[in-house]
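Using UniProt numbering, read the sequence shown as starting at 1 and increasing by one per residue.
Ideal placement from N, C-alpha and C gives every residue a C-beta, glycine not left out.
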Amino acid sequence: MSNVQNMSLEDIMGDRFGRYSKYIIQERALPDIRDGLKPVQRRILYSMNKDGNTFDKGFRKSAKSVGNVMGNFHPHGDSSIYDAMVRMSQDWKNRATLIEMHGNNGSMDGDPPAAMRYTEARLSEIAGYLLNDIEKKTVPFAWNFDDTEKEPTVLPAAFPNLLVNGATGISAGYATDIPPHNLAEVIDAVVYLIDHPNANLDKLMTFLPGPDFPTGAIIQGEDGIRKAYETGKGRVVVRSRTAVEDLKGGKKQIVVTEIPYEVNKAVLVKKIDDVRVNNKVPGIAEVRDESDRDGLRIAIELKKDADKQTILNYLLKYTDLQVNYNFNMVAIDHYTPRQVGLIQMLTSYIAHRKDIIVARSKFDKAKAEKRLHIVEGLIRVISILDEVIALIRASENKADAKENLKVSYDFSEEQAEAIVTLQLYRLTNTDIVTLQEEEADLRQQITVLEAIIADERTMYNVMKRELREVKKKFATPRLTELQAQAETIEIDVTSLIVEEDTYVSVTKGGYIKRTSPRSYNASTVEEVGKRDDDELIFVAPAKTTQQLLIFTNLGNVIYRPVHELTDIRWKDIGEHLSQTITNFAANEVVLHAEIVDDFGTQTYFAATKMGQIKRFERKELTPWRTYKSKAIKFAKLKSEEDQVIAISPIALDNVMLLTQNGYALRFNIEEVPVVGPKAAGVKAINLKDDDVVVSVFIANTDSVFILTQRGSVKRMETDVIPLTNRANRGLLVLRELKTKPHRILLAGPVYDEQQDESLDLFTTAPEENLDHASQTLEVHSNNGTVYQVILADLSLSERTSNGAFISDTISDEGIFSATVK
């Protein structure tokens with residue numbers, strides 16, 4: 001029990017997770033900066049090379065290669081090994097595939113590869129260049145998981161694989177996204193950096209201007225590439241390559257031939273077709289995937305007269321036809337994950353190749369010197385051949401012969417071994433010439449290798465020559481087009497909406513809907529679906545390309561494009577604003593609604609119960625980003641008791657206010673300043689402490705009516721209230737009584753037949769009801785009796801008159817509600 005340790009759970013978790021994190025960062029998810037490979041990829045390539053599964057030999061079952069990797073080097077699941085092998089064989093993921101595979105190795109549509117028992121694989125030719133010289137003690141080796149054999153910790157990498165094939169991976173606290181690049185461009189940049197170690201980034205980018213995806217497409221944003229190459233992080237736009245083709249009958253189709261890197265083609269086609277099915281942009285007739293063995297091709301057939309540019313812009317903006325690619329160039333450098341730029345990556349690669357070439361040269365030099373030593377001994381033997389043969393014949397055995405050679409002729413151990421094992425046919429006359437030629441070649445080779453080892457410039461020349469050989473053999477033309485600037489996609493929203501005729505209705509309680517003309521015309525206006533205690537305040541024909549503004553008594557305005565309203569039958573109740581507007585209060589009611597085409601020069605006035613008034617412009621209400629879930633202010637209320645009682649679009653007219661206690665004030669609206677939507681406005685009338693404003697309206701008629709809480713109604717001339725200034729007390733329009741005094745409940749303009757173009761009070765009534773010749777005051781008493789008064793039929797009264805009762809009993813019954821129809 002002496003091994004038991006007392007540790008806190010925090011320390012244990014920290015220690016174990018730290019070890020685990022270090023392992024998956026270094027040994028699983030991130031590539032090495034030198035050869036650009038993750039451990040599983042390196043083990044696959046090394047194992048296949050070790051087994052002779054190379055490009056110049058036949059294909060071998062993938063399962064066999066996976067089994068060898070798993071059994072010898074990578075003690076993880078076979079699926080992770082096979083997935084890594086498959087990815088290295090996919091030419092739409094890699095710029096230079098490292099594995100060649102026969103059979104189904106997946107597709108751009110995200111189809112899974114066939115099981116490893118069905119596919120065959122071998123190393124590609126270029127993969128051999130990653131492994132060249134590995135047998136010459138060029139790279140460090142480490143014991144495998146069970147200490148039975150050794151594996152390389154890095155490959156010699158005769159080309160900069162990290163940049164050529166890129167990398168993607170996620171580990172603990174780190175992720176990497178390095179895009180693929182063009183082999184020829186990367187090698188050109190490396191060669192230039194070898195000759196100019198202090199080269200700046202701009203110069204290197206003349207050789208390596210940006211990524212080169214195997215799927216082609218178009219990269220936009222030179223600044224993003226430069227930032228990524230400088231810091232390791234950056235963002236560019238990757239756009240599909242598209243063209244427009246003409247079809248029969250004057251129709252056209254958009255054809256996509258290249259899509260962004262790592263975009264799933266099948267998912268992309270499905271998303272484009274969803275746009276067509278849901279009619280998110282009008283004009284798409286059909287979407288087809290016409291890809292075949294000749295290449296990728298997605299056809300988006302358009303309807304006749306469709307706006308091809310709008311459709312293309314929409315698809316670029318809202319589908320993966322265009323995506324953002326985020327560089328996050330993280331690699332393992334000296335056992336540590338680092339975010340690296342282009343110069344750091346290329347410099348690390350050059351330093352790695354320097355180590356490889358020097359180590360290889362030392363290995364070759366030692367081998368050549370060993371052979372030269374033997375050749376020198378053989379040449380000397382031939383010149384004294386008879387004596388050597390006699391000496392060997394006189395010896396007792398091989399060991400004695402070797403010892404006699406060493407003693408008698410001063411041969412070394414290695415030379416003596418070579419002499420006694422020499423085959424008789426090698427003693428022909430021509431062999432001496434061959435040996436002399438080999439000696440000269442070996443001396444020349446050793447001289448060259450010594451120069452490479454001792455002289456850095458010679459070594460770099462070798463490095464450049466080998467890189468150029470790789471470029472000459474494997475270079476391919478650039479596939480991805482680079483554009484300096486990212487285009488801003490601008491979409492005219494109205495062009496995305498299918499124009500349809502509809503009817504829009506709004507109730508005082510906040511229920512809204514749009515109704516098809518068929519459903520609307522099949523019913524009367526009175527059959528509108530609403531709650532019994534609710535009131536229809538707005539209904540109008542509209543087009544789906546128009547917009548709806550809704551103003552409430554709490555100073556909020558709600559915006560809705562008509563096409564976004566739910567299409568509901570006329571007899572159904574509709575959608576309540578609180579279902580989508582999070583700040584719609586329980587006591588909030590709608591005062592005014594209108595259909596607008598644009599947010600032009602229209603001006604509104606708004607007045608509150610506590611006597612504030614303001615003017616504001618519609619352009620201040622231009623749609624806001626969160627309009628679907630939040631209302632914004634058109635008037636600020638100074639207290640919780642206050643509320644807006646009138647809101648209306650206006651021209652330069654006079655406005656009249658009437659208070660509950662019977663004061664009336666009339667002034668020109670120009671006295672009210674135009675302010676922003678969040679302002680409270682200015683004082684409209686000088687109220688007494690116990691008084692509030694009950695009616696505000698544009699006073700552009702000859703007469704007005706007044707209804708009191710006791711059921712008395714009167715009509716008086718508008719001019720009885722003289723035009724004065726705002727913020728005055730106003731004139732009394734009722735005679736004060738000591739008992740049961742009259743208080744104004746409702747007031748408004750009285751229209752005659754010649755003024756049917758005038759604005760209503762402070763709501764917009766249904767068009768069918770705007771028959772001003774029969775403008776009716778409808779009063780509901782508390783006991784359920786309904787009284788109707790034709791306002792134009794009322795005789796004119798004095799300013800201080802209290803009017804006449806609607807009925808003999810109305811004063812005792814009391815008024816429940818009153819509206820003008």
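Residue 559 is bridged by DSSP to 549. Only exposed fits residue 790, as fewer than 16 other CB atoms lie within 10 angstroms of its CB. Looking only at 540, 274, 229, 220, the smallest Cα-Cα distance to residue 314 is reached by 274.
Assigned with DSSP and collapsed to three states, residue 597 falls in coil, not helix or strand. Three or more beta-carbon pairs separated by less than 8 Å link the region 130-137 to the region 42-51, which places the two stretches in contact.
For the pair residue 608 and residue 637, the CB atoms are nearer than the 8 Å cut-off.
A contact is defined here as three or more CB-CB pairs under 8 Å, and the region 198-215 meets this definition with respect to the region 469-482.
Residue burial is scored here from C-beta neighbours: residue 454 has fewer than 16 other C-beta atoms within 10 angstroms and is therefore classed as exposed. Residues of the same chain with a CB within less than 7 Å of the CB of residue 161, apart from the 5 flanking positions on each side, are 35, 36, 37, 130 in chain order.
Between residue 651 and residue 686, the C-beta gap is not smaller than 8 Å, which leaves the two residues out of contact. Boundaries for residue 55: no beta strand (DSSP E) harbours it, and the DSSP string shows neither H nor E there. Per the Cβ contact rule, the region 408-423 is not in contact with the region 334-352 (fewer than 3 Cβ pairs under 8 Å). Of all C-beta pairs linking the region 739-747 to the region 645-662, three or more are shorter than 8 Å, placing the two stretches in contact.
Here residue 750 is near residue 715, since their CB atoms are less than 8 Å apart. Here DSSP, grouped into helix, strand and coil, assigns residue 90 to coil.
Taking all protein chains shown into account, residue 143 has fewer than 16 neighbouring C-beta atoms within 10 Å of its C-beta and is therefore exposed. Under the three-pair Cβ rule at 8 Å, the region 162-180 counts as touching the region 90-106.
Of all alpha-carbon atoms in 702, 390, 526, the one lying nearest the alpha-carbon of residue 795 is that of 702.
If you draw a straight line from the Cα of residue 719 to the Cα of residue 820, it is about 22 Å long.
With a cut-off of 8 Å on Cβ pairs, the region 353-363 is not in contact with the region 262-276, counting fewer than three such pairs. Between residue 236 and residue 218, the C-beta gap is not smaller than 8 Å, which leaves the two residues out of contact. Pairing residue 228 with residue 330 gives a Cβ-Cβ distance that is not under 8 Å. Counting only residues of its own chain and dropping the five nearest sequence neighbours on each side, residue 84 has a CB closer than 7 Å to the CB of 40, 41, 44. Counting along the chain, residue 535 sits inside no beta strand (DSSP E), nor does DSSP assign it H or E at all.
Within the region 166-208, the complete beta strand (DSSP E) segments at least 3 residues long are 167-170, 175-178, listed from N- to C-terminus. A residue is called buried once 16 or more other Cβ atoms fall within 10 Å of its Cβ, and residue 656 is buried on that count. In the pairwise beta carbon analysis, the region 51-62 is classified as not touching the region 16-32: fewer than three pairs are separated by under 8 Å. Residue 29 carries a helical assignment under DSSP once its states are collapsed to helix, strand and coil.
Per DSSP, the continuous alpha helix (DSSP H) segment holding residue 447 begins and ends at 431-454.
Contact check for residue 283 and residue 299: beta-carbon distance about 15 Å, past the 8 Å limit, so the pair fails to qualify. Under the three-state reduction of DSSP output, residue 411 falls in the coil class, being neither helix nor strand. Per DSSP, residue 388 is one residue of the alpha helix (DSSP H) stretching across 385-394. Linking residue 541 to residue 104 through their CA atoms gives a straight-line distance of about 59 Å. Taking all protein chains in view, the Cβ of residue 55 is surrounded by fewer than 16 other Cβ atoms within 10 Å, so the residue is classified as exposed.
The alpha-carbon of residue 626 is positioned some 56 Å away from that of residue 156.
Residue 517: member of the alpha helix (DSSP H) spanning 517-521, first to last residue.
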